[in-house]
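In the working numbering, the protein residues as written are 117 to 189.
All C-beta atoms, glycine included, are put in the ideal place defined by N, C-alpha and C.
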Amino acid sequence: MQAKSYFTRTEVARLFEVSPNTISRWVRQGKLPSIQTPGGRRRYPQEPILRLMRQLREGVAFSSPGQMGWEEL
């Protein structure tokens with residue numbers, strides 16, 4: 117069995133302790149990576165999401181241009 121490699125919007129919202137609508141807004145603003153399934157649903161790649169969670173816990177700022185730190189999400 118292949119390991120799950122994507123989160124749903126609800127799962128990401130629970131990780132960040134925000135509403136699912138906040139996750140959608142962060143995606144529109146380019147703050148979170150996502151893909152769109154053929155059925156029109158968004159899925160969020162686990163590795164970048166988990167890496168972001170670790171960075172936020174460690175207080176590490178984003179290194180990519182255009183991305184903001186946690187306090188600005």
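**Request:** State the DSSP-derived secondary structure class of residue 145, mapped to helix, strand or coil.
**Result:** If you number the sequence shown from 1, residue 145 lands on position 29. Note: residue 145 maps to coil in three-state DSSP.
**Message:** Nearest by alpha-carbon distance to residue 166: which of 149, 155, 158, 157 is it?
**Reply:** Translated into the one-based positions of the sequence shown, residue 166 becomes position 50. Cα-wise, what sits closest to residue 166 is 149.
**Message:** Just list the residues that DSSP pairs residue 161 with in beta bridges.
**Reply:** As a first step, residue 161 must be located in the sequence shown, where it is residue number 45. Per DSSP, 122.
**Item:** Expected contact under 8 Å - CB spacing of residue 153 and residue 159 to nearest Å
**Value:** Within the sequence shown, the letter at position 37 stands for residue 153. Within the sequence shown, the letter at position 43 stands for residue 159. Confirmed, Cβ separation roughly 6 Å.
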